[in-house]
Structure formats: structure tokens, C-alpha cells
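Trainee: Just so we're aligned: 180 in the UniProt record's numbering is position 180 of the sequence shown, and the numbers increase by one with no gaps anywhere. Even glycine gets a Cβ: it sits at the ideal position worked out from N, Cα and C.
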Amino acid sequence: MQVSFACTDHGLKAPRSSEPNKQNTSSPNTASAARARFRTVALIARSLGSFTHRHHISLKESTGKLTGMKYRNLGKSGLRVSCLGLGKHFLIYKPVAEQLMTIAYENGVNLFDTAEVYSAGKFRLLDLVCLYKAFFLSFSRAETERGLSRKHIIEGLKGSLQRLQLEYVDVVFANRPDSNTPMEEIVRAMTHIINHGMSMYWGTSRWSAMEIMEAYSVARQFNLIPPVCEQAEYHLFQRDKVEMQLPELYHKIGVGVVSWSPLACGIITGKYENGIPESSRASLKSYQWLKEKILSEDGRKQQAKLKELTHIAEKLSCTLPQLAIAWCLRNEGVSSVLLGTSNPAQLTENLGAIQVLPKITAHVASDIDKILGNRPQSKKDYHH
């Protein structure tokens, strides 16, 4: 079970000290010091006041009063999330993870992916986040060996709730479809955890449009609860699913998109223009596939296109990453874009994409499409 959370106007909730967390392997001193740091940030966050309009009744975008962050509904549900979220990879960089989380929160981000698997149980963030004025998005990412059976979904969520010391989470995501489990069983299990107060909504991750539609049909047939969003990869060089398949689902059944990898694992930052830097992700042995992709013929063509896109970014007085992230947000079906970042400067730069979004006019978007040459041939244009 992997876990994410987002911060809203829930009351600041401290961990229930009367119920000790048996899963916590951190020393008392370490945990106490970390809690103190988070409590300080939480108190600062409380002084910021409400991020969104309390009486905002439409599904349109709204802007935070003090942070400038924009908020959208998660799909066509009533759940409001920040347009930019912090992806789970920030937990890999343990020395700066808390700093990254603080910067994001203070800039109005209320969507954090805190998957435990990325911290290897060493960074006990899940024991500390309760200090925030927050709600939690629990990602059920049972892989092939575990699957999405009723047993694993319910047991996995109960385990996450116990570790988080919470009574419920707001969204549970079923990661990857499970061909060994009937769709009816998956939907019934998700409905069960919602009806029993363990979650408020559920969504999918890396499911095809056909599989999401099947889940919706099963839900309608048996009076069950359908998913509200899909988590999908979306960036300048990966467009088909989000622009061709998912818009129909958004308009017909209200399924929104939480997109990830807006910079294509760092490819779109431009840092690979002259090869593979020694300190880059592609230089790591575990990312050999990324290195091969960058050095391939298609990879070289992508770098040439990025060089052209840099000129557009300069005209808009922004960086290439900011342009790429703002471009993702231009799609009306995208509720939030998860940012992958490893250092504070990079995160601050990426958060600046919010200011670039209004500059992506129809004319600018057309210029980008001409350079990319990969716009899907859709019958309708679902961009703003």
C-alpha cells in the first residue's frame, strides 16, 4: 500500500498519541524533533487562511488568495486539489524531503504523494504528516503479485490507516489493472471501503479508458460507486491517452486526470542536450533504460525540438520546465500535475509554472504543436 495526502481546510489534526504506532522504527528523539519541525510549518500554514473560495459552487478554477496557487475539482467530484502536486519521488531524497514538502505546502500545494516504498521505511514521514491541516490520499498500488482482490484492497487500506493513525483517507487509487480479479469484485471492494467510512472516493492508476469505462458500467449496473479520476503519464512527448481517450471519460462520466512525469523523467529540462551529465538520473545504473532512450535517434530528435521550444519559453520569460508544466495544465481534464523534484531550487522553479499558465494562449499552443508535430487527431479540442 502506497500513500499520498493532500491538505485542505480540515482542522489541524495531531497523531493520536494514545494509540502507539507499532510500525514506527524511528527513535523517539528523531521522531520528536521531526514532529517539532512539522508543527512549526503547520502553525505557519494555519495563518495563511483558506486557500480556496469556501462558497465556490462551480467546477471552474479558483486561485489561492495569498499563494497564487490554482485549484480544480478532482474530476467532477467536489474534492478541490491544487493544480500542482508533489510527486512521490521527493521521498527518495531523504536529506531534503522535509524541506521540499515545506516549500510546496507554503506555496499552496495540497497534494503530496508520500508512497512508503520510496522511503524504504527509514523516513517516517507518515508518522508526522498528521501535524498538518490535511486530508490523505491513499494509493492502493498493489502490483501483479498482490493484485486488486477484495482481500488485498481492504487489508492494504486498513494497514495504511493504522500507520497513518487516521480513521479514513479521502481517495484510494487502484494501481494497474488486475486481470486475475473480476471487475465487479474490485468495484465492490472500493464501494465497501467507502461505505464503511475508510475512504471518501476511489480512482485508478495506469488503467486504459476501456477498463475505466468497464468499472463505471459495473458500478452503474449494481448501484455501486464509480472511480472519480485516473492517474496517467502526460507530457509534451506522451499525449495520446490524456488527449484522445480520457477527455471523453471526463465529459461523459466525470473522470478527471492526475498526471505524472510532466518533464519526462528530466528529458524536458534540457539538461541532456549535450549528453548525459554525471550527476543526472540517466547516469545511474538503475536508469539505463532512460540513458538508452535519450541517446537513441528518437531521443536526439526530441532534444532538437526542445531547443526550439526554449525560444518560446524565452519569449514568455519562463524556463523550459515551466513551459512544459503549464502546457500540461492547459488540458481542462487535468485536475493536477504531480511534480518530480530532487532539490528546493528545482521545486521553486517548477511551482512557477502557475504564473506561466495564462501566457499559454491558443497562438502559443499552436506554435508548440507545430514544433512537436505529434498532436493527436482528435474530433474535439479539450484544451482551454
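1. Nearest-angstrom Cα distance between residue 311 and residue 97?
2. List the endpoints of the continuous beta strand (DSSP E) containing residue 230.
3. Please report the residue range of the beta strand (DSSP E) in which residue 70 lies.
4. Considering residue 250, what are the terminal residues of the beta strand (DSSP E) in which it resides?
5. Residue 198 by DSSP, collapsed to three states: which one?
6. Do the CB positions of residue 267 and residue 237 come within less than 9 Å of each other?
7. Count the other CB atoms, across all protein chains shown, that sit within 10 Å of the CB of residue 331; report buried if there are 16 or more and exposed otherwise.
8. Exposed or buried, which one is residue 220 when buried takes at least 16 other CB atoms within 10 Å?
9. What are the partner residues of residue 238, as DSSP defines its beta bridges?
10. Which first and last residues belong to the alpha helix (DSSP H) in which residue 327 is found?
11. Suppose the cutoff is 6 Å on Cβ atoms and the five residues either side in sequence are ignored; what does the same chain contact list for residue 369 look like?
12. Going by the CB atoms, is the gap between residue 77 and residue 229 shorter than 9 Å?
13. With H, G and I counted as helix, E and B as strand and the rest as coil, what does DSSP make of residue 176?
14. Just verifying my parser: in three-state terms, what is the DSSP assignment at residue 80?
15. Quick one, are the C-beta atoms of residue 83 and residue 242 less than 9 Å apart?
16. Does the Cβ-Cβ distance between residue 350 and residue 341 come in under 9 Å?
Mentor: Let's see:
1. Cα to Cα, residue 311 sits roughly 33 Å from residue 97.
2. Counting along the chain, the unbroken beta strand (DSSP E) around residue 230 starts and ends at 229 to 233.
3. That run of the beta strand (DSSP E) goes 70 to 73.
4. For residue 250, no beta strand (DSSP E) run applies; the uninterrupted alpha helix (DSSP H) run containing it begins and ends at 246 to 253, by DSSP.
5. Residue state for residue 198 is assigned as coil, using DSSP reduced to three classes.
6. At a Cβ-Cβ threshold of 9 Å, residue 267 and residue 237 count as neighbours.
7. Classification for residue 331: buried.
8. Flag for residue 220 reads exposed.
9. Residue 238 is bridged to 235.
10. Run containing residue 327: 320 to 329, per the alpha helix (DSSP H) assignment.
11. The beta carbon of residue 369 sits closer than 6 Å to those of 375, all from its chain and outside the five residues before and after it, given in chain order.
12. Taking 9 Å as the Cβ cut-off, residue 229 and residue 77 qualify as a contacting pair.
13. Coil, per DSSP.
14. It is a strand residue.
15. Cβ atoms of residue 83 and residue 242: not closer than 9 Å.
16. It is a contact, given that the beta carbons lie within the stated cut-off.
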